[in-house]
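This note's numbering runs 7 ahead of the 1-based position in the sequence shown.
Glycine residues also receive a C-beta, built at the ideal position from the N, C-alpha and C atoms.
Since we're looking at a predicted model, the values are computed, not measured.
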Amino acid sequence: MEQTTYQQDESFRDSINTINQQGGRAYVHPRKPKGKLHRRRLVVSWVLLATFFGMPWIKYQGDPLFLIDIIHRRFIFFGLIFWPQDTYIFAVLMLTFIVFIVVFTVALGRLWCGWACPQTIFLEMVFRKIEYWIDGDAASQKRLAASTVTAEKFFRRVLKFSIFLLIAHLIALTLAAWVVGVDAVLTMLRQSLSENISAFTGLMILTAFLVFIYSWFREQVCVILCPYGRLQGVLLDRNSIVVAYDYKRGEPRGGFRKGEDRAAVGKGDCTDCRACIQVCPTAIDIRNGTQLECINCTACIDACNATMVRSGLPKGLIRFASERMISTGNRLRMNARLWAYSAVLVLLLSFLTFLLFTRADIEATILRTPGLLYQQNDDATISNLYNIKVVNKTREEAPVTLKLLSHPGRILMPSGDMVVRAAGKSESVFFVYLDPQQISKTSGKIPIRIGVFSHGAPIEEIDLTFVAPDVKK
Ligand code: SF4
Ligand code: SF4
8 MEQTTYQQDE
18 SFRDSINTIN
28 QQGGRAYVHP
38 RKPKGKLHRR
48 RLVVSWVLLA
58 TFFGMPWIKY
68 QGDPLFLIDI
78 IHRRFIFFGL
88 IFWPQDTYIF
98 AVLMLTFIVF
108 IVVFTVALGR
118 LWCGWACPQT
128 IFLEMVFRKI
138 EYWIDGDAAS
148 QKRLAASTVT
158 AEKFFRRVLK
168 FSIFLLIAHL
178 IALTLAAWVV
188 GVDAVLTMLR
198 QSLSENISAF
208 TGLMILTAFL
218 VFIYSWFREQ
228 VCVILCPYGR
238 LQGVLLDRNS
248 IVVAYDYKRG
258 EPRGGFRKGE
268 DRAAVGKGDC
278 TDCRACIQVC
288 PTAIDIRNGT
298 QLECINCTAC
308 IDACNATMVR
318 SGLPKGLIRF
328 ASERMISTGN
338 RLRMNARLWA
348 YSAVLVLLLS
358 FLTFLLFTRA
368 DIEATILRTP
378 GLLYQQNDDA
388 TISNLYNIKV
398 VNKTREEAPV
408 TLKLLSHPGR
418 ILMPSGDMVV
428 RAAGKSESVF
438 FVYLDPQQIS
448 KTSGKIPIRI
458 GVFSHGAPIE
468 EIDLTFVAPD
478 VKK
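Right under this line is the structure:
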């Protein structure tokens with residue numbers, strides 16, 4: 008990563024503060040964050056938590072508004088049903104999402120991590136809040152962690168892990184509802200354990216995993232696991248807006264003395280109170296400059312602003328700013344890289360919109376039945392057998408009829424007319440009969456075209472091959 012600070016000694020980048028010299032875990036007990044930005048983050052997280060827990064309950068025309076049914080490869084977004092046949096739309100959607108993340112990160116750093124990432128939201132706004140409520144602030148937590156097992160410690164630990172377990176299970180159930188739908192989850196909960204043993208086992212494993220993540224592994228997800236975090240090194244540049252320490256204003260740092268003229272004694276505005284480090288959930292010192300561990304949670308901004316107010320100094324010693332803004336005092340500028348990424352994003356968004364608007368509601372796939380050649384019938388016609396698969400993405404039943412468009416022959420579906428249920432798919436077989444006299448080519452593979460219709464309206468035209476014997480005209 009580009010150096011983004013006045014610091015010459017970069018040795019702090021050689022190790023992470025959450026792992027001790029022996030390679031063991033250095034457990035972080037950050038001080039309880041408070042301040043204007045924290046209150047805003049709380050509001051954002053309440054909205055996101057309400058969305059996560061509430062969305063599976065919202066239905067549109069009998070189906071969930073959102074569903075990520077990986078098992079049956081059926082997805083619903085804003086009420087629109089997507090099938091594996093729409094994979095190309097997903098591919099473009101994923102590409103658009105990745106470019107969006109890149110543009111977002113180049114411009115605004117790791118804002119997503121601190122304000123919207125589920126890991127941070129659950130850890131900082133749910134599990135850590137419960138921990139502060141049960142174990143107290145950082146000092147009390149450290150004291151409790153270092154103490155031997157007393158009745159008080161035992162009670163607090165049992166209470167905390169029981170609540171953690173309950174919430175983790177609720178998250179696991181909600182995740183299941185996003186995948187199979189809330190009705191399926193409720194049905195499963197009403198049934199006996201033996202009827203859904205594999206589903207219950209999966210849910211228990213997920214619950215245990217979540218308890219492990221939110222009670223022990225915690226910020227290590229952001230620091231050493233998350234691939235997005237690793238990308239920061241290549242995405243951030245001097246113009247990216249990140250949580251930054253204004254070293255021009257803060258240095259040289261020095262202790263606070265009431266009534267002292269700091270400029271006159273050669274001190275910058277940083278009073279070296281270390282409040283920014285104490286509140287940091289990844290245990291870093293933001294005064295060292297932008298670091299991979301920083302999740303832009305803004306806790307240090309609130310903590311430093313509180314120190315500035317107490318010391319009678321202007322707020323904003325730590326703030327959202329780019330390195331260039333701090334070193335030059337300039338405002339944010341769009342650079343060529345940002346313009347280029349934005350242009351690609353606009354193009355992809357336009358293409359995605361086009362795909363969504365032109366997506367077929369009913370899709371048919373027809374293939375000649377493998378392994379069969381042709382049949383010569385008593386009435387002198389020749390027939391070929393075909394397989395048809397129809398996907399109905401609408402919420403209404405779709406009757407499907409077929410017409411031979413290229414030749415005067417006929418089509419026969421032995422099982423009768425095809426009717427595909429709403430948001431469902433159906434498969435069938437049919438014969439195409441051709442009169443050899445009307446086949447222009449006398450042998451081999453004859454190209455034919457079949458029209459697929461529903462409610463009398465054309466759905467699509469499909470080109471196929473009809474195999475015929477060598478027939479002399
Ligand atoms: S340095 Fe500040 S913004 Fe970054 S993780 Fe620590 S407290 Fe949050
Ligand atoms: S909170 Fe502000 S004043 Fe205190 S050490 Fe951090 S940067 Fe310096």
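Can we count Gly-30 as close to ligand 1, meaning its CB is less than 7 Å from some heavy atom?
no
Of the choices Ile-75, Ser-318, Cys-304 and Ala-347, whose alpha-carbon is the least far from that of Arg-326?
Cys-304
Output needed for Pro-476: all residues of its chain with C-beta closer than 6 Å, excluding positions within five of it in sequence on either side, in chain order.
none
Figure out for me which residue from Leu-363, Ala-367 and Pro-288 has the closest Cα to the Cα of Gln-126.
Pro-288
Using 8 Å as the cut-off, can you tell me whether the region 376-387 makes contact with the region 270-289, which would need three or more C-beta pairs spanning the two stretches below that distance?
no
Beta strand (DSSP E) segments (min. 3 residues) lying fully within the region 71-95
74-76, 81-84 and 87-89
Any heavy atom of ligand 1 closer than 7 Å to the beta-carbon of Asn-295?
Result no, Cβ not under 7 Å from ligand 1.
Give the straight-line distance between the Cα atoms of Thr-472 and Leu-419, rounded to the nearest whole angstrom.
17 Å
Would Arg-117 be called buried (16 or more neighbouring beta carbons within 10 Å of its own) or exposed?
The residue in question, Arg-117, is buried, as its Cβ has 16 or more Cβ neighbours within 10 Å.
For Asp-190 and Cys-277, the rounded distance between their alpha carbons:
56 Å
Taking 7 Å as the cut-off, is the C-beta of Val-51 nearer than that to any heavy atom in ligand 1?
Checking every heavy atom of ligand 1 against the Cβ of Val-51, none is found closer than 7 Å.
Report buried or exposed for Arg-237, applying the criterion of at least 16 other Cβ atoms within 10 angstroms of its Cβ.
exposed
In the DSSP assignment, what residue or residues form a beta bridge with Gly-451?
Ala-475
Candidates Gln-298, Gln-198, Cys-229 and Pro-443: closest to Thr-388 by CA position
Ranking Gln-298, Gln-198, Cys-229 and Pro-443 by Cα distance to Thr-388 puts Pro-443 first.
Thr-401, DSSP secondary structure in three states
coil
How far does the alpha helix (DSSP H) with Tyr-235 in it extend, from its first residue to its last?
234-242
Distance between Ile-457 and Gly-463 (C-alpha atoms, nearest Å):
14 Å
Distance check for Ile-174 and Glu-404, CA to CA, integer angstroms please.
41 Å
Span separating the alpha-carbon of Phe-107 from that of Leu-352:
6 Å
Segment limits, alpha helix (DSSP H) that includes Tyr-348
343-365
For Val-187 and Ile-78, believed in contact at Cβ under 8 Å, the rounded distance
With a Cβ gap of about 7 Å, Ile-78 and Val-187 count as contacting.
Quick check on this structure: which residue in Thr-25, Phe-460, Glu-468 and Glu-467 has the alpha carbon closest to the alpha carbon of Val-230?
Thr-25
Going by beta-carbon coordinates alone, are Ala-367 and Asn-399 separated by less than 8 Å?
no
So what does Thr-372 bridge to, in DSSP terms?
Lys-396
By Cβ distance below 7 Å, which residues in the same chain neighbour Thr-12 in space, the five residues on each side in sequence not counted?
Any reading at Thr-12 needs caution, since the residue's pLDDT is 49, under 50, leaving its predicted position unreliable; the model's value is listed next. Contacts found: Tyr-254, Asn-295 and Gly-296.
Flag Arg-326 as yes when its Cβ comes closer than 7 Å to any non-hydrogen atom of ligand 2, and as no otherwise.
no
Between the alpha carbons of Leu-49 and Met-132, how many angstroms are there, rounded?
7 Å
Below 7 Å CB to CB, which residues in the same chain sit around Glu-9 once its five sequence neighbours on both sides are set aside?
In this prediction, Glu-9 has a pLDDT of 43, which is less than 50 and means its spatial position is unreliable; nothing more can be read from the coordinates.
Which of helix, strand or coil does DSSP assign to Phe-263?
Of the three classes helix, strand and coil, the one that applies to Phe-263 here is coil, per DSSP.
C-alpha distance - Lys-480 paired with Ile-446, whole-angstrom precision:
Unreliable placement is indicated for Lys-480, whose pLDDT of 48 sits below 50; the coordinate value is still reported in the next sentence. In a straight line, the C-alpha of Lys-480 is about 9 Å away from that of Ile-446.
Leaving out five residues on either side along the sequence, give the residues of the same chain with a beta carbon under 6 Å from the beta carbon of Phe-19.
Asn-295
Inter-residue CB distance, Phe-73 and Ile-83 (contact presumed, cutoff 8 Å):
6 Å
Count the other C-beta atoms from every protein chain shown that fall within 10 angstroms of the C-beta of Thr-314, then say buried if there are 16 or more, exposed otherwise.
buried
Could you check the C-alpha separation between Thr-155 and Ile-65 for me, to the nearest Å?
48 Å
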